[in-house]
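Under our numbering, the first residue of the sequence shown is numbered 14, with each subsequent residue one higher.
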Amino acid sequence: MKPSVGQPLSRLEGRQKVTGAAKYAADYQVPGLLYGYVVSSTITKGKIVRIDTSAAKALPGVVEVLTHENRPGLAWFDLQYADMDAPPGTVFKPLCDDKIRFNGQPVALVVAEAFETARYGATLVQLNYEEESFVTSVEANLGAARAAKKGIATALKPPPPAPTGDFEKVYSAAPIKVDAEYQHGIEHHNPMELFATTTVFEGDGKLTIYDKTQGTINNQFFVANVFGLRYKDVRVLAPYVGGAFGSGLRPQYQLFLSVMAAMYLKRNVRVVLDRHQMFTLAHRPQNMQRLQFATDENGRLTAARHAAFVETSSYEDYTEVISSWSHRLYPIPNTRFEYKVVPLDLSTPIDMRAPGGVTAMHAIECTMDQLAYKLGIDPLELRLRNYAEVDPSTGKPFTSKALRECYQQAASKFGWSERNPEPGSMKRGNKLVGYGMATGVWDAYQFPSRVQAMITKEGKLKINNAVTDIGTGTFTVMTQVAADELGLPIEDVIFGYGDSKKPFSMFQGGSSMTSSTGVAIVMAAKALKEKLLKKAKDIPNSPLVGVAEKDITFKDGSISLRNDPSVHVSFQAIVAANKGQVIKTTKMGKPHLLKLRKYSKMTHSASFVEVEVDKDLKTIVVTRAVTAVAAGKIINPKTARSQISGSMVWGISKALHEESVIDENLGKYVNPNLAEYHIPTHADVHQLEVIFADEKDELINELGTKGVGEIGLVAMPAAIANAIFHATGKRINRLPIHFDELLA
Numbered sequence: 014m015k016p017s018v019g020q021p022l023s024r025l026e027g028r029q030k031v032t033g034a035a036k037y038a039a040d041y042q043v044p045g046l047l048y049g050y051v052v053s054s055t056i057t058k059g060k061i062v063r064i065d066t067s068a069a070k071a072l073p074g075v076v077e078v079l080t081h082e083n084r085p086g087l088a089w090f091d092l093q094y095a096d097m098d099a100p101p102g103t104v105f106k107p108l109c110d111d112k113i114r115f116n117g118q119p120v121a122l123v124v125a126e127a128f129e130t131a132r133y134g135a136t137l138v139q140l141n142y143e144e145e146s147f148v149t150s151v152e153a154n155l156g157a158a159r160a161a162k163k164g165i166a167t168a169l170k171p172p173p174p175a176p177t178g179d180f181e182k183v184y185s186a187a188p189i190k191v192d193a194e195y196q197h198g199i200e201h202h203n204p205m206e207l208f209a210t211t212t213v214f215e216g217d218g219k220l221t222i223y224d225k226t227q228g229t230i231n232n233q234f235f236v237a238n239v240f241g242l243r244y245k246d247v248r249v250l251a252p253y254v255g256g257a258f259g260s261g262l263r264p265q266y267q268l269f270l271s272v273m274a275a276m277y278l279k280r281n282v283r284v285v286l287d288r289h290q291m292f293t294l295a296h297r298p299q300n301m302q303r304l305q306f307a308t309d310e311n312g313r314l315t316a317a318r319h320a321a322f323v324e325t326s327s328y329e330d331y332t333e334v335i336s337s338w339s340h341r342l343y344p345i346p347n348t349r350f351e352y353k354v355v356p357l358d359l360s361t362p363i364d365m366r367a368p369g370g371v372t373a374m375h376a377i378e379c380t381m382d383q384l385a386y387k388l389g390i391d392p393l394e395l396r397l398r399n400y401a402e403v404d405p406s407t408g409k410p411f412t413s414k415a416l417r418e419c420y421q422q423a424a425s426k427f428g429w430s431e432r433n434p435e436p437g438s439m440k441r442g443n444k445l446v447g448y449g450m451a452t453g454v455w456d457a458y459q460f461p462s463r464v465q466a467m468i469t470k471e472g473k474l475k476i477n478n479a480v481t482d483i484g485t486g487t488f489t490v491m492t493q494v495a496a497d498e499l500g501l502p503i504e505d506v507i508f509g510y511g512d513s514k515k516p517f518s519m520f521q522g523g524s525s526m527t528s529s530t531g532v533a534i535v536m537a538a539k540a541l542k543e544k545l546l547k548k549a550k551d552i553p554n555s556p557l558v559g560v561a562e563k564d565i566t567f568k569d570g571s572i573s574l575r576n577d578p579s580v581h582v583s584f585q586a587i588v589a590a591n592k593g594q595v596i597k598t599t600k601m602g603k604p605h606l607l608k609l610r611k612y613s614k615m616t617h618s619a620s621f622v623e624v625e626v627d628k629d630l631k632t633i634v635v636t637r638a639v640t641a642v643a644a645g646k647i648i649n650p651k652t653a654r655s656q657i658s659g660s661m662v663w664g665i666s667k668a669l670h671e672e673s674v675i676d677e678n679l680g681k682y683v684n685p686n687l688a689e690y691h692i693p694t695h696a697d698v699h700q701l702e703v704i705f706a707d708e709k710d711e712l713i714n715e716l717g718t719k720g721v722g723e724i725g726l727v728a729m730p731a732a733i734a735n736a737i738f739h740a741t742g743k744r745i746n747r748l749p750i751h752f753d754e755l756l757a
């Protein structure tokens, strides 16, 4: 039987998704369902002085209107509202009091027998506010910047490292240097599936919750803690998630409101946010960066300062790892890193695909491009001259690093050697043609994960884990790993997931799930095979008595002698001899912290981009791009390639299209919809190619895998910005880049 791992298998749930058979959080029909509709604040900061719900309550079909004045009593302490991804600060509690902290904040929930009734009833709720002055711009409030508060998640989001050497002295004396500022606007996640929760009130303090989330167990803990329930009595299910990109890492407010209404009314309640309301929560924060890089005459980096000023909310201290990325990619002896947050009257940002990394690498790689032009050397050559054989920030060797191969393969495929280095020199009809390149780097995370593995009476393998699949192919990839571990065809593996009742999994994020859940499957399968062999030997007259483990193989639903496959015992026979009881085991997969503490664990990429800029109109088109990725073993080339190409499209979006625009006089977004929040369409996406460099990593984990969810995005915006400079000779450091900036 051909191994499944390494094969380009189509997604196992693909047919259900494209035919509409897949059920998402708002698709579950339960008896007696009520519908909740959120009433949102129309001011940015202040307090509610009067709320009149009488007209809404008088509407036929409206069951209740919940506000801060009549909501049930709940948990008091911030710790009870915190979740696995919560930053330090005072956690936002919907309908907690009369204070308004951001525009669009939920201030009431209208619950009705029909969705349309609830939606109309929401327009009848009347509120009077007392407004206060507010701030919504990082750029206009840099004077309020301060160090971020320390939280419990410093292992994943550590503060900037201490300075090294003497940056000021070396930078001031350097023959070649660049001092540049970069600015990024706000981006909203905008997954296809709206945030939705269907809460089924089971009675006796028990709830079944269908939720749009990246972490069923995270939301289970949140609900149990806030509403004073036992963990085992709260079940959160999310078998299908229509995209998330980080927006579902934390419990969003529709979950709280749905559960609160269900508990209060003792009814089943569904709450779905509309697209406008999706702009009142998760987003990538606005930020500003200042970079000062210096080299010697030969292009060796000698000094670097990286300062970042990033938006957070007035009530929580969200942070990202931004300013220290340069020292993780290039060896620089004299450094200074700064990171400060600017509290604003906006909702708390949240991790968005490649959080911090894509922001930092845009600034770093554009600065490197400027240095290359000042030095008069090829931008690729500059990176090769500063190639780090060990992690510059720690001095540790990498578990593996094939970035050099990424450079070589992507450059060759792209045709980088054909580039004329003079800006504005390459033309195609009425178009200016530009070539740009950039490097990407991302952490190779692995989190603890517990997997239950069992052989059923039909001889099939069933794997259980609470992990979600947010469209990344997790369901398919985990099934492939499990199939190979027991020597079974794909159709004989059942992967149960997206359910908080199943064994522990972290929320899906950080490009970590293949390594986390996949390794746990390997560990559980190993234990299961040992148990199966022991049970097989206990069968009367077993042909495997006295056979050593090294002399057997697991294949086609049987344990066979390696040198004589005709001698075998089937899984079904083993279960039958076990009185028909399934044979199962549960194991925890976790990182080898002691072994790996001496190494750095990273994925790498290189992106090469061609743009065309209209000579007269200055409109920009990314005509082609090549990204090469080094991410260890690729379990499924098809789903992995989909992840990288999707990230490349998002790179085009981040560089040229995507931005939530704030009216600073009103403190609100003026384009909270998919008509005016620009994202790429088919006409914007042309030739994209993905290359996987051969990178064998025997240290990183039992599978040799690294994640691919983020790494395809990290280098793209910088490569596009650098290509635009090569085409036009204009350096634009604010994203997204608008064509009118090239007209100036």
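The beta carbon of each residue, even a glycine, is placed where N, CA and C say it ideally should be.
For I737, the closest alpha carbon among the candidates L574, E715, V622, H691 is that of V622.
Scanning E471, Q422, G437 for the CA closest to the CA of V595 turns up E471.
Across the set Q196, T412, I724, W455, the C-alpha of W455 shows the shortest separation from the C-alpha of V334.
Taking 9 Å as the cut-off, the beta carbon of G720 is found closer than this to the beta carbon of T527. D497 sits in a helix when the DSSP states are folded into three classes.
Residue burial is scored here from C-beta neighbours: V683 has fewer than 16 other C-beta atoms within 10 angstroms and is therefore classed as exposed. Secondary structure note for L574: it is in no alpha helix (DSSP H), and the uninterrupted beta strand (DSSP E) holding it is 571-574.
Straight through space, the alpha carbons of T221 and V506 are spaced by roughly 26 Å. When only Cα atoms are considered, V104 and L357 end up about 15 Å apart. Boundaries of the beta strand (DSSP E) around P578: 577-583. By the criterion of a C-beta distance shorter than 7 Å, V282 is surrounded in its chain by L47, G49, V124, T212, S271, A274, A275, once the five residues flanking it on both sides are discounted.
Burial is judged here by how many other beta carbons sit within 10 angstroms of a residue's own beta carbon; L501 has at least 16 and is buried. Just measuring C-alpha positions, the residue of P100, A71, P73, F258 sitting nearest G523 is F258. Annotation for G602: S462, V532, A533, M536 place their beta carbon closer than 6 Å to its own, counting only its chain and skipping 5 residues before and after. Considering only A653, Y612, R417, L87, the residue with the shortest C-alpha distance to V239 is L87.
Cβ neighbours of E672 within its own chain (closer than 6 Å, five residues either side excluded): G198, P749. When the five nearest sequence neighbours on each side are left out, the beta carbons in the same chain lying within less than 8 Å of the beta carbon of A187 are those of A307, T308, D309, T315, A316, in order along the chain.
Rounded to the nearest angstrom, the Cβ distance from P344 to D391 is 19 Å, too far for a contact under 8 Å. The C-alpha of H296 lies about 12 Å from the C-alpha of R263.
Its chain contains L262, R263 as the residues whose beta carbon lies nearer than 6 Å to that of D98, once the 5 sequence neighbours on both sides are disregarded; these appear in chain order. Counting other Cβ atoms within 10 Å of its Cβ, C419 reaches 16 or more and is therefore classed as buried. Boundaries of the alpha helix (DSSP H) around R28: 27-32.
Between the beta-carbon of R114 and that of K353 there is about 21 Å, and that puts the pair past the 8 Å contact cut. Leaving aside the five residues that flank E543 on each side, the residues in its chain whose CB is nearer than 8 Å to its CB run, in chain order, E562. Going by beta carbons, A643 and K444 fall outside the 9 Å limit. Relative to K651, the option among E329, E625, T489 whose CA is nearest is T489. Distance from the CA of V51 to the CA of Q139, rounded to the nearest whole angstrom, comes to 13 Å.
Among the bridge pairs identified by DSSP, Q139 is matched with D65. Three or more Cβ pairs closer than 8 Å define a contact, and the region 139-148 falls short of that threshold against the region 382-391. Ranked by Cα distance from Q299, the options A589, V355, G447, S260 are led by V355.
Within the model, the alpha-carbon separation for N735 versus T452 is close to 12 Å. For G725, the enclosing alpha helix (DSSP H) stretches over residues 724-727. If you draw a straight line from the Cα of R417 to the Cα of P204, it is about 34 Å long. Q305 sits in a strand when the DSSP states are folded into three classes. With at least 16 other beta carbons inside 10 angstroms of its own, T348 counts as buried.
If you draw a straight line from the Cα of V254 to the Cα of A38, it is about 8 Å long.
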